[in-house]
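S.K.:
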Amino acid sequence: MGGMGGMGGPGFQDSPAIDNAETVYISSLALLKMLKHGRAGVPMEVMGLMLGEFVDDFTITVVDVFAMPQSGTGVSVEAVDDVFQTKMMDMLKQTGRDQMVVGWYHSHPDPIQSVKGKVVIDAFRSIPSQVLMMGQEPRQTTSNVGLLNKPTIQALLHGLNRSYYSLNIDYRKTEKETDMLLNLHKKEWTSGLKLKNYDDQDCENLEGSKKLIKVAKQYVERIQEEKTLTEDQLKTRYVGKQDPKKHLTATAENLIEDNNVSIVTSNVNRLAI
Numbered sequence: 001m002g003g004m005g006g007m008g009g010p011g012f013q014d015s016p017a018i019d020n021a022e023t024v025y026i027s028s029l030a031l032l033k034m035l036k037h038g039r040a041g042v043p044m045e046v047m048g049l050m051l052g053e054f055v056d057d058f059t060i061t062v063v064d065v066f067a068m069p070q071s072g073t074g075v076s077v078e079a080v081d082d083v084f085q086t087k088m089m090d091m092l093k094q095t096g097r098d099q100m101v102v103g104w105y106h107s108h109p110d111p112i113q114s115v116k117g118k119v120v121i122d123a124f125r126s127i128p129s130q131v132l133m134m135g136q137e138p139r140q141t142t143s144n145v146g147l148l149n150k151p152t153i154q155a156l157l158h159g160l161n162r163s164y165y166s167l168n169i170d171y172r173k174t175e176k177e178t179d180m181l182l183n184l185h186k187k188e189w190t191s192g193l194k195l196k197n198y199d200d201q202d203c204e205n206l207e208g209s210k211k212l213i214k215v216a217k218q219y220v221e222r223i224q225e226e227k228t229l230t231e232d233q234l235k236t237r238y239v240g241k242q243d244p245k246k247h248l249t250a251t252a253e254n255l256i257e258d259n260n261v262s263i264v265t266s267n268v269n270r271l272a273i
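Numbering (full-length UniProt numbering), first residue to last: 1 to 273.
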């Protein structure tokens, strides 16, 4: 309460306010580790620490993360294990990772978003209690960067812009990281030599044949219907509907391609043995 001159405290001095354009830059390695850790912890919520540095008043970089043995709930997180953190930081320094801890991450598994494969990530920082008591604005606004993403009603109800505020997030990739990400799910050359199970291949051929018969009947019905329609009716009759001709072509091509690959692969394996 030192800012209240009438109570004998020192006069209030303006301190440099944090800018709303402050951005957290997350590296590809850190993002992959967080996603892998969060996915492995489902349905439990997990947490870990982020390593990086505060470059300037507008930039925070996150270059690496490591998991913590704590788990959390939807509204709280267990206290960080200081002993584990100290040992982990010492081991990381031995490998040349001398960055400091800039924050922690916490997962919130969502069954709906997880099924869709969508990743939702946000960064937050708590508002100091002194600023809350003074009723001051926690950040200064110098650009529209911090206002591009509108907050949701659920976030506002949970204390956004009252107890904490949101930080901007961006991602940076180096040339080597780009090559690493391109090779992440790249198939090996030996994958083309693997034989499918013959029973599975027969089931796929049977399903494909049934689909061909079904689509062929739809194609015949459409041709017969088109003969009775005028040119104006044809322009709007099939808008937004599936084209049976395209489906017939795609299904036939997939069947032919799968069977040709299966035959060639069988012959190659037979000759190799």
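We treat Cβ as the ideally placed atom computed from N, Cα and C, and that holds for glycine.
Only a predicted model underlies this, so the values are computations on that prediction, with no experimental measurement involved.
My output table needs one value for Thr265: the three-state DSSP class, helix, strand or coil.
M.R.: In this structure, Thr265 counts as helix in the three-state DSSP scheme.
S.K.: Tell me the DSSP bridge mates of Phe124?
M.R.: Beta-bridge pairing links Phe124 to Ser166.
S.K.: For Phe66, is the classification buried or exposed, using 16 other Cβ atoms within 10 angstroms of its Cβ as the cut-off for buried?
M.R.: Flag for Phe66 reads buried.
S.K.: By a C-beta neighbour count over all protein chains shown, 10 Å radius and 16 as the cutoff for buried, is Leu51 buried or exposed?
M.R.: The residue is buried, with at least 16 neighbouring Cβ atoms inside 10 Å.
S.K.: Give a yes or no on whether the C-beta atoms belonging to Leu193 and Asn269 are separated by under 8 Å.
M.R.: Yes, the pair counts as a contact, with Cβ atoms nearer than the cut-off.
S.K.: How would you label Ala250, buried or exposed, when you count the other beta carbons within 10 angstroms and need 16 or more for buried?
M.R.: With fewer than 16 Cβ atoms within 10 Å of its Cβ, Ala250 is classed as exposed.
S.K.: State buried or exposed for Pro151, treating a residue as buried only when at least 16 other CB atoms are found within 10 Å of its CB.
M.R.: Exposed is the call here.
S.K.: Buried or exposed: which applies to Leu49, given that a residue is buried once 16 or more other Cβ atoms fall within 10 Å of its Cβ?
M.R.: By the 10 Å Cβ count, Leu49 comes out buried.
S.K.: Specify, as a first and last residue, the run of the beta strand (DSSP E) that Gly41 falls within.
M.R.: Neither: Gly41 is in no beta strand (DSSP E) and is coded neither H nor E.
S.K.: Over the uninterrupted alpha helix (DSSP H) stretch that includes Thr178, give me the two end residues.
M.R.: Note, Thr178: alpha helix (DSSP H), 175-182.
S.K.: Within 10 angstroms of its Cβ, does Gly2 collect 16 or more other Cβ (buried), or is it exposed?
M.R.: Bear in mind that a pLDDT of 40 at Gly2, under 50, signals an unreliable position, so the model cannot answer this.
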